[in-house]
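**Q** Have a look at the structure that comes next, please.
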Amino acid sequence: MNKVNFLIYSDGFNELDEYFFKEVEECDNIIVIKKNSIFNNSFLQKIFKIHTSFKINNYIKIPFQSVWYKFLYRKFDNNYPTIHIFFSSWYYPDYFNYIKRKNSDDKLVMYFGDTIKSKKKVVKNLAISKLKSEVNQIFSYNWDDVREYGLKYLPVSYSKINDFSIIPTKNKHDVIFIGASRDRYEEIVDLYKQIKNTNLKYFFYVVKSNNESDSFNDPNFILTNKTLNFFDYMGYVKSSKWIIELLDPGTVGTTLRFWDAIMYNKGLITNNKQVMQSQFYDSDNIIIYEKSNDIDLSKLLNGKHIDYFYNGENSPRKFLEVVKSSLFDLKEV
């Protein structure tokens, strides 16, 4: 990644976001700007958050947002071009123009780690046709959005944890599901009921999205308003044999659950047919289903050793190389 600088504008909302680019944060040519921790001063950070809030600016645009730009734009101690990578919570076209005025050689990239449909609910003035004229490249993790809007596909990068001493120890389970209910609650419950009727040790942690109120009187099925923190989540991943991945309707692409399975050598149960095209696909280790009663749960008891031989295929270094190669002639950079 030499001869190019990267300014990465991440969401930075939780511990998980810390691990997207963690392994490259010490590189001299990479700076990660986290939206929730731009300022050490908590008062300034709160004012910035309010001033740039989409909830407010969707209805009335607050003036003088340019006062923040000098704090966001960073210079490197070299003359190489800079690629600005914006996660989709950073849709600020006026700031894009500010960057272009500062250095016309800089490149701008927008990355969608959510579906465009869900992002449009948050950013009311987001229009992909307009965005294409505002930035140099647009990537998405979702194949449906890539096809519909003519974008480039790129899965979410993820820094692998190698030191598990920082991860809390959890009880061992054969299979786990951890995630929000969203528009898939009935499917989650169907899977739970099917697995409960086996000898498998299971754990479901479901965060309410639609005020669900079921009570299963089961300590291994938790329905809650509280998001599980990243380190506890990784504790369950470490202690499990299989992980369940449920794609939301309208999503076609690998999620972080897929990469958790690949990086940490866990079996995967998924409704994502696209994984059959992955270099890691093995029908003994990855179960693809359409309906929950199609799943052969006996596979979860075969005790087979799983090793995908992951070698950084979804690391932030690979992510940045893909972005760079889409913008520059690699022979010149």
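Going from the sequence shown to the numbering used here is simple: count from 1 and add 2.
Where is the CB? At the ideal position from N, CA and C, for every residue including glycine.
Small disclaimer: the values here were computed from a predicted structure and weren't measured.
In the DSSP assignment, what residue or residues form a beta bridge with H86?
**A** Residue 86 sits at position 84 when you count from the first residue of the sequence shown. According to DSSP, which records beta bridges pairwise, H86 is partnered with L9, L110.
**Q** Going by DSSP, what residues sit across from K36 in a beta bridge?
**A** For this step, residue 36 is matched to residue 34 along the sequence shown. Looking at the DSSP assignment, K36 forms a beta bridge with S12.
**Q** From N144 to K126, what distance separates their C-alpha atoms?
**A** By 1-based counting over the sequence shown, the position of residue 144 is 142. By 1-based counting over the sequence shown, the position of residue 126 is 124. About 20 Å.
**Q** Below 8 Å CB to CB, which residues in the same chain sit around K320 once its five sequence neighbours on both sides are set aside?
**A** Here residue 320 is taken as the residue at index 318 of the sequence shown, counted from 1. S159, G314.
**Q** In the region 144-168, which residue ranges form an unbroken beta strand (DSSP E) of at least 3 residues, counting only runs that do not cross its ends?
**A** Within the region 144-168, no complete beta strand (DSSP E) run reaches 3 residues.
**Q** With 16 as the cutoff for other CB atoms within 10 Å, does N105 come out buried or exposed?
**A** In the sequence shown, residue 105 corresponds to position 103, counting from 1. Classification of N105: exposed, given that the 10 Å Cβ count is below 16.
**Q** If I follow the unbroken beta strand (DSSP E) through D176, where does it start and stop?
**A** Here the question's residue 176 lines up with position 174 in the sequence shown. 175-182 is the extent of the beta strand (DSSP E) around D176.
**Q** Which residues in the same chain have their Cβ closer than 7 Å to the Cβ of Y235, if we skip the five residues on either side of it in sequence?
**A** Here the question's residue 235 lines up with position 233 in the sequence shown. I180.
**Q** My guess is that L128 and K119 are in contact by the Cβ rule of under 8 Å, so how many angstroms apart are they, rounded?
**A** Taking the first residue of the sequence shown as position 1, residue 128 is located at position 126. Taking the first residue of the sequence shown as position 1, residue 119 is located at position 117. In fact, because the Cβ distance is near 11 Å, the residues do not count as touching under 8 Å.
**Q** Given a threshold of 16 other Cβ atoms within 10 Å of its Cβ, counted over all protein chains shown, does I10 qualify as buried or as exposed?
**A** The sequence position of residue 10 within the sequence shown is 8, counting from 1. Buried: at least 16 other Cβ atoms inside 10 Å.
**Q** Counting C-beta neighbours from all protein chains within 10 Å, is the total for K228 16 or more, i.e. buried, or is it exposed?
**A** Here residue 228 is taken as the residue at index 226 of the sequence shown, counted from 1. Counting Cβ neighbours within 10 Å, K228 comes out exposed, since fewer than 16 surround it.
**Q** At what residue ranges does the region 238-274 contain a whole run of the beta strand (DSSP E), taking only runs of 3 or more?
**A** Segments of the beta strand (DSSP E) lying fully in the region 238-274: 242-247, 269-272.
**Q** Following a CB-centred definition, is K77 positioned closer than 7 Å to any heavy atom of the ligand NAD?
**A** As far as ligands go, the structure on display features none, and thus does not contain the ligand NAD.
**Q** Just to confirm, is the Cβ distance from W244 to I271 under 8 Å?
**A** Position 242 of the sequence shown, counting from 1, holds the residue named residue 244. Position 269 of the sequence shown, counting from 1, holds the residue named residue 271. Closer than 8 Å, so yes.
**Q** The alpha helix (DSSP H) spanning F206 covers which residue range?
**A** Stepping through the sequence shown from its first residue, residue 206 is reached at position 204. It is not in any alpha helix (DSSP H) - F206 instead sits in the beta strand (DSSP E) that spans 204-209.
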